[in-house]
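Asks: Here you go, one structure.
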Amino acid sequence: MHNIQVCISIDGNKTASNNRIFKTNEHAAYNSIMDGYNISKKYIIPAILSVINTNIDTDEYYTFFNDISVSYMDCLPPDSTYDKFDMNANKLGLWLIKLFDLWYFDRNKNKPRIRMFEDAINLFLGNENYAGGELFGRNFNGVIDIRTNGDIDVVDTLRICGNNLLLAKYNIMYNELDDIINEDIFYKFYNAHQDNVLCKKCRNCIVKDVCGGGLLMHRFSEINGFDNPSVYCFDIFYYLCTYKIH
Ligand code: SF4
393 MHNIQVCISI DGNKTASNNR IFKTNEHAAY NSIMDGYNIS KKYIIPAILS VINTNIDTDE
453 YYTFFNDISV SYMDCLPPDS TYDKFDMNAN KLGLWLIKLF DLWYFDRNKN KPRIRMFEDA
513 INLFLGNENY AGGELFGRNF NGVIDIRTNG DIDVVDTLRI CGNNLLLAKY NIMYNELDDI
573 INEDIFYKFY NAHQDNVLCK KCRNCIVKDV CGGGLLMHRF SEINGFDNPS VYCFDIFYYL
633 CTYKIH
């Protein structure tokens, strides 16, 4: 009736999820998540949000989501900033190329739609009005986070950059959503893919119109603020160039 879409976070099979997603009692949440997913499927087809775990084999990952009949999913690179990035875990690009091949050459007409791949293809084809979002493209980021207590804030992904960026003073009881528009952090988030916020390297990059500099949180460092390319710059460049060859 209210046109609300349901999205469920599932990082993959039991192995992929159990060391990452926990209930408040610190027990692994996989079984509860799958119970919720199966109940929700009776009423609505939920979208899936999946944080990538490159320790999980791509075949295993793709087979899992096919087996549970996912119709639409978004794959997100793990949260990180320059100050928290693990250089030894830097194999995201290769992992995403393998996943793209599995998905692209899968002739099953019921295979999951994967937003990241569809967006990259649309952006390469010039359909920028229909693709992008926080991860890719040159569109504006129009998302506002409203917490269960009514606080209005920038998206929760930016929390990894430090609490001093959070906007604790806005609440839907006393404010309009537009009230946060003049906050510096919201300005940067809204314009994250525009030249006035991108760093010099991104502004001059040949895949800028597809990459858009990546997620804003991935550009943060204590020294430069957001004036950096993504921590996943190498991986993004690597997999976008490979997709383009396809
Ligand atoms: S690939 Fe790297 S340099 Fe190019 S736009 Fe993306 S983050 Fe910036």
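Going by the working numbering, the sequence shown opens with residue 393, and the numbers climb by one from there.
Where is the CB? At the ideal position from N, CA and C, for every residue including glycine.
Please state whether DSSP places M565 in a helix, a strand or coil.
Replies: For this step, residue 565 is matched to residue 173 along the sequence shown. Here M565 sits in coil by DSSP.
Asks: With burial defined as no fewer than 16 other Cβ atoms inside 10 Å of the residue's Cβ, what is the status of Y624: buried or exposed?
Replies: What you label residue 624 is simply residue 232 of the sequence shown in a count that begins at 1. With 16 or more Cβ atoms within 10 Å of its Cβ, Y624 is classed as buried.
Asks: With a cut-off of 8 Å on the beta carbons, I'd call S613 and D475 a contact; round off their distance for me.
Replies: Numbered from 1 along the sequence shown, position 221 holds the residue referred to as residue 613. Numbered from 1 along the sequence shown, position 83 holds the residue referred to as residue 475. That belief holds up - the Cβ atoms of S613 and D475 are roughly 6 Å apart, short of 8 Å.
Asks: Answer yes or no: do V546 and E568 have a C-beta to C-beta separation smaller than 9 Å?
Replies: The residue you call residue 546 lines up with position 154 of the sequence shown. The residue you call residue 568 lines up with position 176 of the sequence shown. Their beta carbons are not under 9 Å apart, which means V546 does not touch E568 by this criterion.
Asks: On a Cα-Cα basis, can you pick out the residue from T407, I436 and G404 that is closest to M393?
Replies: Taking the first residue of the sequence shown as position 1, residue 393 is located at position 1. Ranking T407, I436 and G404 by Cα distance to M393 puts I436 first.
Asks: With burial defined as no fewer than 16 other Cβ atoms inside 10 Å of the residue's Cβ, what is the status of N616: buried or exposed?
Replies: In the sequence shown, residue 616 corresponds to position 224, counting from 1. So N616 counts as exposed.
Asks: Return no unless some Cβ of chain B is closer than 9 Å to the Cβ of D427.
Replies: In the structure shown, chain B cannot be found, because there is only a single protein chain.
Asks: The alpha helix (DSSP H) that contains S613, what's its start and end?
Replies: Position 221 of the sequence shown, counted from the start, is the residue given in the question as residue 613. Per DSSP, S613 belongs to no alpha helix (DSSP H) and is neither H nor E.
Asks: Sorry if obvious, but does the Cβ on L484 come closer than 8 Å to a heavy atom of ligand 1?
Replies: Within the sequence shown, numbered from 1, the residue matching residue 484 stands at position 92. Not so, every heavy atom of ligand 1 lies at least 8 Å from the Cβ.
Asks: With H, G and I counted as helix, E and B as strand and the rest as coil, what does DSSP make of V623?
Replies: By 1-based counting over the sequence shown, the position of residue 623 is 231. Three-state DSSP puts V623 in coil, outside helix and strand.
Asks: Have a look at N447, F456 and Y422 and flag the residue whose alpha-carbon is nearest the alpha-carbon of L484.
Replies: Residue mapping note: residue 484 aligns to position 92 of the sequence shown, counting from 1. Measuring from the Cα of L484, the nearest candidate turns out to be N447.
Asks: Can you tell which of M609, I396, N395 and K503 has its C-alpha closest to the C-alpha of N533?
Replies: Counted from its first residue, the sequence shown places residue 533 at position 141. Selected option, being the one with the closest Cα: M609.
Asks: How about D466 and R507: do their beta carbons lie closer than 9 Å?
Replies: Looking up residue 466 in the sequence shown gives position 74. Looking up residue 507 in the sequence shown gives position 115. Yes, the pair counts as a contact, with Cβ atoms nearer than the cut-off.
Asks: By the DSSP assignment, the alpha helix (DSSP H) with L468 in it spans what residues?
Replies: As a working note, residue 468 is residue 76 in the sequence shown. Per DSSP, L468 belongs to no alpha helix (DSSP H); it is in the beta strand (DSSP E), Y464 to L468.
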